[in-house]
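Below is one structure, written out as structure tokens, with a few remarks after it.
Protein chains: 2
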Amino acid sequence: MSSSRPRAGILVTGTEVLTGIISDRNGPWLSQQLAALGVDVVVIEVVGDRPGELLHALERMAADELALVVTSGGLGPTADDLTAEVVGRFAGREMVLDVQLEQRIAEILKPLMARWHGVDPEAVRASNRKQAVIPQGATVLEPVGTAPGLVVEPAAADGTGERARSGRADTAAAGAGDAAGPTVVVLPGPPRELQEMWPAAVETDAFRRAIAGAPEYRQRIVRLFGIPESEIAATLRAAPQAGVALDGLEITTCLRRGEIEIATRFDPAIAERYEALIEFIGQRHAGNLFSRDGSTIDQQVAELLRGMMIAVAESCTGGLMAARLTELPGSSAYFAGGIVAYSNEAKTALVGVEPVLIERHGAVSGEVAAALASGARERFSASVGVGITGIAGPGGGSEEKPVGLVCFSVAGPGQGYLTRSAKLPGDRADVRDRSTTVALHLVARALRGERD
Amino acid sequence: MSSSRPRAGILVTGTEVLTGIISDRNGPWLSQQLAALGVDVVVIEVVGDRPGELLHALERMAADELALVVTSGGLGPTADDLTAEVVGRFAGREMVLDVQLEQRIAEILKPLMARWHGVDPEAVRASNRKQAVIPQGATVLEPVGTAPGLVVEPAAADGTGERARSGRADTAAAGAGDAAGPTVVVLPGPPRELQEMWPAAVETDAFRRAIAGAPEYRQRIVRLFGIPESEIAATLRAAPQAGVALDGLEITTCLRRGEIEIATRFDPAIAERYEALIEFIGQRHAGNLFSRDGSTIDQQVAELLRGMMIAVAESCTGGLMAARLTELPGSSAYFAGGIVAYSNEAKTALVGVEPVLIERHGAVSGEVAAALASGARERFSASVGVGITGIAGPGGGSEEKPVGLVCFSVAGPGQGYLTRSAKLPGDRADVRDRSTTVALHLVARALRGERD
């Protein structure tokens with residue numbers, strides 16, 4: 005299936021990404037966008053700001069005969085931002101100052117300069133002028149921040165710049181033979197700018213030419229909770245034997261925040277085959293397959309809460325449960341509030357947990373989790389209360405109550421509780437994060453009527 | 005400088021990473037570890053699970069004459085986990101079952117199987133046996149999860165497996181000429197497993213041989229807050245003119261969570277040159293350079309709080325401020341607790357904000373932020389209280405109070421307040437996250453004695 009699809013590479017530039025100072029958010033995002041357009045992304049590559057490395061990476065991608073390369077980063081005002089220039093050289097196009105673009109960037113900078121005190125305007129203007137120097141004949145994507153994006157076809161593709169092309173050193177794109185080389189989409193590094201600019205890039209004629217022939221293509225995601233990944237592997241192995249054909253389905257399973265996500269990509273013509281697979285998974289893992297439409301547990305809880313309010317009293321998660329419940333826009337419609345009761349005193353004074361409960365069962369216990377849940381519900385006059393208490397580590401564990409032990413309780417809606425505890429794997433950050441996933445699943449079950 | 009250092013590539017495998025379903029945490033982490041060892045990381049590459057792509061990527065890295073390749077992922081129990089086998093083929097080594105390793109993995113699986121209900125033990129054993137099949141002569145790294153890691157030298161390097169090597173298709177490593185090709189370190193995909201296994205990999209003889217000749221190497225980080233990146237660019241341009249030489253300093257600047265991070269790598273022999281640069285930056289940006297030793301604002305606040313307790317009442321950040329204050333182990337020594345007061349009712353009932361304040365100034369106002377700060381401080385009997393209220397968006401903004409407007413206040417320690425507001429850029433997630441950075445800086449200033 006993939007052989008007929010246009011192939012693309014993503015080239016993330018920036019020494020700060022290559023050296024691990026920041027992690028790349030653009031590669032994954034671009035990959036999903038390209039897949040949705042029917043493009044086969046074969047590689048995501050991160051290289052530093054040294055121009056030689058960037059050019060070398062472009063040449064490697066040309067040698068692999070990719071139709072499209074999308075770059076992110078290196079469009080900023082500092083001297084190490086060289087992507088436009090290197091891409092121009094790669095495509096065999098001269099660099100020219102786009103005077104009108106320079107003026108538009110100057111307009112953008114005016115209000116920004118007013119925000120900062122003591123900034124030298126000339127320094128800003130000088131360091132930003134270079135953002136208006138672009139490869140001749142490139143399609144400009146209007147700046148979202150201050151940097152314009154570019155769509156740059158190889159010089160041969162539109163008949164311009166052949167002189168520049170023939171004039172360049174002959175090392176580039178050697179592997180591409182007679183092919184003109186990939187079209188390069190040059191995007192800024194900040195994820196928000198890149199994402200906002202993307203639709204304009206997709207709409208350009210140059211982009212459309214590069215991905216001509218991309219088939220319609222579908223990606224579907226289902227999610228499971230509460231089983232190990234090896235069980236899914238066994239199910240996928242068992243499917244063909246049970247008469248469920250998997251040919252043409254590109255299936256990926258991965259663990260994410262304690263859940264298993266199964267992503268499948270396929271030609272719409274074989275949608276029935278996909279449906280049969282999901283039916284098969286649903287039969288084998290009825291209690292675990294919680295999302296057939298790709299919806300997250302966060303979205304499901306928001307939906308289930310319709311018309312009700314939820315409140316949280318949490319300890320080891322330190323505010324992450326409240327933060328997760330307020331992640332989606334519009335969460336004020338169902339989120340009443342939260343209390344982070346880290347100390348025993350706070351559990352008693354702020355949430356009304358009886359000290360005797362803590363003495364008798366310990367702060368990390370189902371009893372205290374339930375008291376936190378009902379206290380949260382009461383204090384915020386909510387329909388549903390959530391209590392979380394546990395040992396995130398690295399210290400504080402004991403033989404009886406090891407690091408990773410977390411107790412969860414949901415009070416309401418209406419009468420009754422749903423209380424569970426789990427020993428979660430991983431380090432402090434993992435335990436805190438996974439706790440919010442476990443709690444959300446418990447909330448969903450309570451909202452569907454389950455009680456202890 | 006970099007030409008004398010051994011060069012390495014990082015190869016992240018996994019269709020779930022390539023397709024953007026999950027983002028890679030291993031590339032950045034490995035890059036930092038390798039840099040600390042004096043190794044020059046020239047590329048991080050993400051490829052899918054198709055064995056041909058993985059082999060092709062290894063061959064590209066061999067053609068670039070890298071001394072070392074570190075892979076992550078593809079060691080799991082599912083059929084798409086093929087890294088060990090492909091690396092074996094690449095290195096010219098036959099695959100053999102390590103019977104003792106198989107037994108050790110079986111021991112690891114026993115307690116895991118007890119944790120899950122209704123799992124077919126035979127399925128687990130079968131899908132994990134392949135994890136004990138390794139390239140002949142490879143150094144085994146003991147499993148942290150269930151998958152062993154490997155250090156695989158090219159077959160020529162230790163004299164074993166030459167037969168296998170000469171027998172393979174001749175396409176591999178063609179570009180490396182007579183060179184034996186890179187040593188490949190094969191690590192599991194889950195970040196926790198990879199990180200725990202890394203020290204064992206570094207200690208193997210094979211790894212040491214691969215990076216022989218790596219120079220001692222230093223990386224230092226300083227952090228600034230409250231100025232745009234273009235100002236730093238101007239300062240770096242101005243440095244040589246002011247007699248501050250930058251030769252031999254590899255300087256990277258990046259924006260992270262609203263702060264500017266300047267990372268510099270250099271040979272210890274020119275440490276004085278680095279110190280002169282930081283002195284120069286400190287002179288030009290005295291009020292902004294808050295960290296000369298790389299410490300984060302989180303660590304600084306934790307240090308400044310020594311012996312005091314802090315409490316939070318937050319609205320738009322929805323628990324993220326409390327979560328950030330409890331991120332570091334041992335935070336219970338200084339974090340008293342937090343209230344997420346999303347609704348006006350909660351601000352009044354839980355934190356004691358006077359309704360008249362909200363009516364008069366609006367929920368998003370310096371006055372309400374100060375009332376939240378003092379309410380939090382009082383409720384939790386803390387020395388310091390933090391109040392945050394703002395409009396995270398996407399809805400809820402007005403001309404007077406646009407999306408991104410956030411008001412912060414710190415009450416105490418002792419008398420008085422420090423209250424500020426800021427219009428923060430970005431989407432809902434950006435505004436929420438950056439708010440915690442701004443608040444932490446305000447807390448640090450208050451702890452150093454600043455008051456309105």
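Line by line, the protein sequences give chains A and B. Each residue of the first sequence is one higher than the last, beginning at 5 in my numbering. Each residue of the second sequence is one higher than the last, beginning at 5 in my numbering. Using N, Cα and C, we set each Cβ at its ideal position, and we do this for glycine too. Remember, predicted model here, so these are calculated numbers, not experimental data.
When C-beta distances to chain A are compared with 8 Å, the residues of the segment 76-95 of chain B below that value are Gly80, Pro81, Thr82, Ala83 and Asp84, in chain order. When the beta-carbon positions are compared, Ala315(B) and Arg424(B) stay at least 8 Å from each other. In the three-state DSSP reduction, Ile255(A) falls in the strand class (E or B). Of the other Cβ atoms in all chains shown, 16 or more fall within 10 Å of the Cβ of Leu228(B); this residue is therefore buried.
Listed along chain A is no residue with a C-beta nearer than 9 Å to that of Tyr278(B); the closest approach is about 16 Å. Pairwise C-beta distances place the segment 239-254 of chain B out of contact with the segment 23-41 of chain B, as fewer than three of them are shorter than 8 Å. Partner residues in the beta bridge of Pro139(B), as assigned by DSSP, are Met99(B). When the beta-carbon positions are compared, Ile343(A) and Val355(A) come within less than 8 Å of each other.
For the pair Ala345(B) and His289(B), the Cα-to-Cα distance works out to about 37 Å. Here Met312(A) has Tyr338, Ser387, Val388 and Pro417 as same chain residues with Cβ atoms under 7 Å from its own Cβ, once five neighbours each way along the sequence are excluded. Within 7 Å of the CB of Pro158(B), no CB atom of chain A is found; the nearest one sits about 21 Å away. The Cβ of Ile48(B) sits closer than 8 Å to at least one Cβ of chain A. Leaving aside the five residues that flank Leu198(B) on each side, the residues in its chain whose CB is nearer than 7 Å to its CB run, in chain order, Asn30, Ser76, Leu191 and Pro192. For the segment 338-366 of chain A, the set of positions with a beta-carbon nearer than 7 Å to some beta-carbon of chain B reads Phe339, Ala340, Gly341, Gly342, Ile343, Val344, Ala345, Tyr346, Ser347, Ala350 and Leu354 in chain order.
By the beta-carbon neighbour count (other beta carbons within 10 angstroms, threshold 16), Arg432(B) is buried. DSSP places Gly370(B) in the helix class (H, G or I) of the three-state scheme. The beta carbons of Gly185(A) and Ala66(A) sit closer together than 8 Å. The C-beta of Asp297(B) has fewer than 16 other C-beta atoms within 10 Å across all chains shown, which makes the residue exposed. Proximity to Glu263(B) across Leu240(B), Tyr278(B) and Ser234(B) peaks at Ser234(B), based on C-alpha coordinates.
Contact between the segment 87-100 of chain B and the segment 135-144 of chain B is present: 3 or more CB-CB pairs across the two stretches fall below 8 Å. Straight-line spacing of the CA atoms in Ile26(B) and Thr257(A) works out to 11 Å.
Linking Pro194(A) to Leu253(B) through their CA atoms gives a straight-line distance of about 25 Å. For Ser35(B), the chain A residues whose C-beta falls within less than 8 Å of its own C-beta are Leu22, Thr23 and Gly24, listed in chain order. Nearest in C-alpha terms to Thr23(A), of all of Lys351(B), His365(B) and Ser35(B), is Ser35(B). Annotated as distal: Ala159(B) and Ala214(B), with beta-carbon spacing of 8 Å or more. Non-local C-beta neighbours of Phe284(B) in its own chain, meaning closer than 8 Å and more than five positions away in sequence, comprise Thr239, Ala243, Ala246 and Val248, ordered along the chain. Ile231(A) carries a coil assignment under DSSP once its states are collapsed to helix, strand and coil. DSSP lists Phe412(B) as the beta-bridge partner residues of Arg424(B).
Annotation: Glu265(B) to Leu259(B) spans about 6 Å, alpha carbon to alpha carbon. In the assembly as shown, Lys351(A) is a buried residue. Its beta-carbon has 16 or more other beta-carbons within 10 Å. Rounded to the nearest angstrom, the gap between the Cα atoms of Thr268(A) and Glu279(A) is 11 Å.
In this structure Ala380(B) is not in contact with Ala448(B), their Cβ atoms being roughly 17 Å apart against a cut-off of 8 Å. Here the segment 402-414 of chain A lies against the segment 362-373 of chain A, with 3 or more beta-carbon pairs under 8 Å apart. Check the Cα spacing between Leu70(A) and each of Ala216(A), Asp124(A) and Pro147(A): the tightest is with Ala216(A). Note on Glu49(A): 16 or more other CB atoms within 10 angstroms of its CB, so buried under the neighbour-count rule. Look at the segment 312-364 of chain B and you find these whole runs of alpha helix (DSSP H), each 4 residues long or longer: 324-329 and 348-355.
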